[in-house]
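Please read the structure below before turning to the comments.
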Amino acid sequence: MLRIGDFKSRSCDGISRRAFVQAGAALPLTAMLSENQIAQAAAQARAKTVVFVWLWGAPSHLDTFDPKPDAPLNYRGPFGTIPTTLPGVRFTELVPKLAARTDKFALIRSNITHDGGHPGAGTFGYTGHREGRGITIQPSWGSIVSRHHGAGEGLPPYVMLSRGIPRDVVKTIDGYGGGDWGKAYDPFLIQCDELGSINIPALKLVDGVTPDRIAHRRNLQGQLDKIKRNVTADTFDAWDSKSKQAFTLLTNKQALESLDLTKETTDLRENYGQTSFGQSLLLARRLVEAEVPFVNVSWSEFVEAFSPNTDFGWDTHVKNFDLLPNRHCPVLDNAFSAFLDDMYDRGLMNSTLVVCMGEFGRTPRINNRAARDHWQHNYFSIWAGAGVKTGQVIGASDAKGERPVTRGIEPTGVGVTMLDCMGIDSIARAELNVLPEGEFIHELF
Amino acid sequence: MNSSKSKFVYYLSLLLVMLVLSGLTQFATAAEPVRLTTDGKMKQDLCFTHDTKELIYSVLQTPQLIKLQRLNLESGEVGDFHTSANTSEIYIDFAKDMKHYAYIRNDGNLHTVIQVQDVENGELHSLNPGGGFACVRALTISPDGQNVVYSFPETNGSQQLWQTDNKLQNKKELTKSDFIDAYPRYSPTGNVLTFTSTRSGNFDIFRMSAAGTGIFQLTDHPGIDTRPSFSPDGSKIVYTSLRQGNYEIFIMNADGANQKQVTNNPGKDDFACWHPDGKRILYVGDVKGKKDIYSISVEAMLD
Chain A
51 MLRIGDFKSR SCDGISRRAF VQAGAALPLT AMLSENQIAQ AAAQARAKTV
101 VFVWLWGAPS HLDTFDPKPD APLNYRGPFG TIPTTLPGVR FTELVPKLAA
151 RTDKFALIRS NITHDGGHPG AGTFGYTGHR EGRGITIQPS WGSIVSRHHG
201 AGEGLPPYVM LSRGIPRDVV KTIDGYGGGD WGKAYDPFLI QCDELGSINI
251 PALKLVDGVT PDRIAHRRNL QGQLDKIKRN VTADTFDAWD SKSKQAFTLL
301 TNKQALESLD LTKETTDLRE NYGQTSFGQS LLLARRLVEA EVPFVNVSWS
351 EFVEAFSPNT DFGWDTHVKN FDLLPNRHCP VLDNAFSAFL DDMYDRGLMN
401 STLVVCMGEF GRTPRINNRA ARDHWQHNYF SIWAGAGVKT GQVIGASDAK
451 GERPVTRGIE PTGVGVTMLD CMGIDSIARA ELNVLPEGEF IHELF
Chain B
1442 MNSSKSKFVY YLSLLLVMLV LSGLTQFATA AEPVRLTTDG KMKQDLCFTH
1492 DTKELIYSVL QTPQLIKLQR LNLESGEVGD FHTSANTSEI YIDFAKDMKH
1542 YAYIRNDGNL HTVIQVQDVE NGELHSLNPG GGFACVRALT ISPDGQNVVY
1592 SFPETNGSQQ LWQTDNKLQN KKELTKSDFI DAYPRYSPTG NVLTFTSTRS
1642 GNFDIFRMSA AGTGIFQLTD HPGIDTRPSF SPDGSKIVYT SLRQGNYEIF
1692 IMNADGANQK QVTNNPGKDD FACWHPDGKR ILYVGDVKGK KDIYSISVEA
1742 MLD
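If you read the sequences in order, they're chains A and B.
Position in the first sequence (from 1) plus 50 gives the number in our numbering.
Position in the second sequence (from 1) plus 1441 gives the number in our numbering.
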């Protein structure tokens, strides 16, 4: 029985926390929603798709979307500020194209999280839960959507566009995928390089299988049987589901075409820029058109900004004032602007929720390496589409950008809002036994 | 309309026409850029070898590796500068006689070292700036090859310029301030350094003697002015400016006078250096999403 009551996390439908627990206890974890429930949820959903753009490594909020020009130099840093299309709202000079597009998104300046390390904050940002708390690993937003919506025709329901699962030089984050639900709910990883070429790592699990061979022979089961004999039971489940998804994708002409960026005009591809991030955003738009429910675009695989064998994330403990103007901000500014323009031009924003953020911010006070360290007490997020009221700034930070002076918006609130927009309301979440806390961000709508 | 008002409108119109014409004249003197590379990959830190034949620069060769690359301007051939490099290398600079060159190598997690190659003796000198996340930012080698100046952060959050000899010994702090000093470049004589600094409140361009005295501000604009580099005769400086709201290449006299815009591209133009003939500037231009090296004649813009 579900009850309305004192749910700690205010949600659209106001289910109580106690009711949530009761519902979770009453239902087995594996309980699946009925087709009728899914259909009802879909009808109520604001969005068919979420595009979750993950600025891995954590960009500085002061040097981008929340500058503090009146703070002392050892806080505000060396970058000038420029006006945006919103009266009185300024960004730094490093993001001029996005400053000219503030009518196309809402900016939150009061995000907070509760873990100052990348893996922990990464897991927090993907699941709303800390790493290392108890023995369970909660499913990520994309995995929840994936389970709720199920697989469509050809394309997997949770696609991650990245060079790899988000990680630092030590480890991958725990919360990137299905967690304790199992690898069946992990993201389907697609790598997109700066020229728009696609690589699907899951295919490497299937020895000797190429798209041509699959298409002609259509003998997946035979291939899988062969592989099953050569792998351990532990890994079988993982590649089994992903290999099946890969096969399904590769043998479905329409799905395969969704991954083909050569179908786009040269001009449009150029607008996104010749970077992996830019082309991945373009691919994300194509996946939106193909109605993939959850698309995660990650800036990089590694957080590290400048370390051997890593791919230049936003973790600028060093070279913050070099990398941001030289590389990171121009790439973000150009590619994300092109993505927003393209999405609006095609009328896709009514049914797509776009969220762009990192795992935390960076120290407002410049560190002893003339750069900025981790700062979980205040950061930003960008929201657009699915009825988000654009052209507004939600929340505010203090004079030095150290802490919000308004309600702090936590990853649980980000998750609740994304899931609610996808029709996964608190009842559905309770039935899935996920995300018992979190406050819907009403100001966005 | 009364007389004083019509006079005001007339003079205002005249002023606007003059401003427009002066702007047009400025752009009219810069020639069309010539594209030298076509791969579109991210490039930075252009530097000529002094025999004028090759341009060396850093390029994002793979998603995880920035390599030094050479472009032969006569043949158009492109190749690796250090073929066996397996970790990122940036900011190369050559002595005039080509007997020494210096660059920065990423040797660890958020850590870089300076390397100086003694070409004649085949010796490679290395300076580890410290443990932890110690990261040298940018460097220049004196034209006579005897000294290296580099930027490195201090514990107070500032970043200063340091000098060493070409064996990376005898460190000496050239600047001492609460500000961020970056991107040093020697003048052709080796007597003067130009660099970027936040002494004015944001990134502007400064100059000083090679001994670190007589600091003088050359640009003063709320937008970023950065990465200065002297012309071969030392009379001009090329630099990147964000003053128009977009990264463009500018030149000015070595005393800061006569600042002129060289490029006018909707994309980012950056990392400029002078061709040794003193008549052309090479830079990385972002045109239609591709980052390539362009050459532009500034002969008509020189006094």
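No residue lacks a Cβ here, since even glycine has one placed at the ideal position from N, Cα and C.
The structure displayed is predicted, hence computed values, not measured ones.
Query, Result
"Histidine 198 of chain A versus glycine 397 of chain A - alpha carbon distance", "25 angstroms"
"Contact between the region 171-190 of chain A and the region 139-149 of chain A (3+ Cβ pairs under 8 angstroms)", "no"
"Contacts of aspartate 372 of chain A in chain B (Cβ-Cβ under 8 angstroms)", "Arg1578, Ala1579 and Ala1623"
"Sheet register partners of phenylalanine 344 of chain A (DSSP bridge)", "A:Val100 and A:Tyr208"
"Partner residues on chain B for glutamine 324 of chain A, Cβ-Cβ distance less than 8 angstroms", "Gly1481, Lys1482, Gly1730, Lys1731 and Lys1732"
"Host beta strand (DSSP E) of threonine 1605 of chain B (start-end)", "1600-1606"
"Minimum length 3: unbroken beta strand (DSSP E) runs contained in the region 1554-1607 of chain B", "1564-1568, 1580-1582, 1588-1594 and 1600-1606"
"Contact belief for leucine 1723 of chain B with leucine 1487 of chain B at Cβ below 8 angstroms, rounded distance in angstroms", "5 angstroms"
"Pick from B:Ala1713, B:Pro1474, B:Thr1478 and B:Ala1472 that is closest to lysine 1731 of chain B, judged by C-alpha positions", "B:Thr1478"
"Per DSSP, the bridge partner or partners of leucine 239 of chain A", "A:Met210"
"Secondary structure of methionine 399 of chain A, DSSP reduced to three states", "helix"
"Straight-line gap, histidine 1552 of chain B to tyrosine 1532 of chain B (C-alpha atoms, nearest Å)", "15 angstroms"
"Best match in A:Asn428, A:Leu373, A:Asn376 and A:Lys439 for proximity to asparagine 400 of chain A [C-alpha to C-alpha]", "A:Lys439"
"According to DSSP, residues forming a beta bridge with alanine 1472 of chain B", "Looking at the DSSP assignment, alanine 1472 of chain B forms no beta bridge with any residue, so it has no partner."
"Assigned secondary structure, proline 1625 of chain B (DSSP; H/G/I helix, E/B strand, else coil)", "strand"
"Which of helix, strand or coil DSSP assigns to lysine 382 of chain A", "For clarity, residue 382 of chain A is leucine in the given sequence; the question names lysine instead. Helix, per DSSP."
"Alpha carbon of aspartate 1406 of chain B to alpha carbon of glycine 214 of chain A, nearest angstrom", "Given that chain B is displayed from residue 1442 to residue 1744, the structure contains no residue 1406 of chain B and the question cannot be resolved."
"Chain-ordered neighbours of lysine 1709 of chain B on chain A, where CB pairs are closer than 7 angstroms", "Pro380"
"Neighbour flag for serine 39 of chain A against chain B, beta carbons, 8 angstroms", "Residue 39 of chain A lies beyond the stretch modelled for chain A, which goes from 51 to 495, so this question has no answer here."
"CB contact check: isoleucine 1656 of chain B to chain A, cutoff 8 angstroms", "no"
"Stretch pair the region 1619-1632 of chain B + the region 1665-1678 of chain B: three plus CB contacts closer than 8 angstroms", "yes"
"Residues of the region 1580-1612 of chain B whose Cβ lies closer than 8 angstroms to any Cβ of chain A, in chain order", "Pro1594, Glu1595, Thr1596, Asn1597, Gly1598, Ser1599 and Gln1600"
"Residue of A:Ser293, A:Phe344, A:Ile248 and A:Pro343 minimising C-alpha distance to leucine 306 of chain A", "A:Ile248"
"Methionine 1649 of chain B in three-state terms, based on DSSP", "strand"
"Minimum length 3: unbroken beta strand (DSSP E) runs contained in the region 386-460 of chain A", "402-407, 429-434 and 442-444"
"Burial state of methionine 1483 of chain B (16 or more Cβ within 10 Å)", "buried"
"Contact under 8 angstroms by Cβ, phenylalanine 344 of chain A with serine 196 of chain A", "yes"
"Closer than 8 angstroms to chain A by CB, isoleucine 1665 of chain B", "yes"
"Contact with chain A by phenylalanine 1574 of chain B, beta-carbon distance below 8 angstroms", "yes"
"Selection from A:Ala108, A:Pro137, A:Phe155 and A:Thr99 that minimises the alpha carbon distance to glutamate 493 of chain A", "A:Phe155"
"Under 8 angstroms by beta carbon: chain B residues contacting threonine 135 of chain A", "None at all; the shortest Cβ gap to chain B is about 14 angstroms."
"Start and end residues, beta strand (DSSP E) containing proline 1669 of chain B", "1666-1671"
"Minimum Cβ-Cβ distance from glycine 1686 of chain B to chain A less than 8 angstroms", "yes"
"Buried or exposed (CB count within 10 angstroms, at least 16 for buried), alanine 1543 of chain B", "buried"
"Whole-Å CB distance - glycine 408 of chain A paired with leucine 112 of chain A, under 8 angstroms assumed", "With a Cβ gap of about 13 angstroms, glycine 408 of chain A and leucine 112 of chain A do not count as contacting."
"For isoleucine 54 of chain A, three-class secondary structure by DSSP", "Per-residue confidence for isoleucine 54 of chain A stands at a pLDDT of 21, beneath the threshold of 50, marking its modelled position as unreliable; the derived number appears in the next sentence. Residue state, collapsed to three classes: strand."
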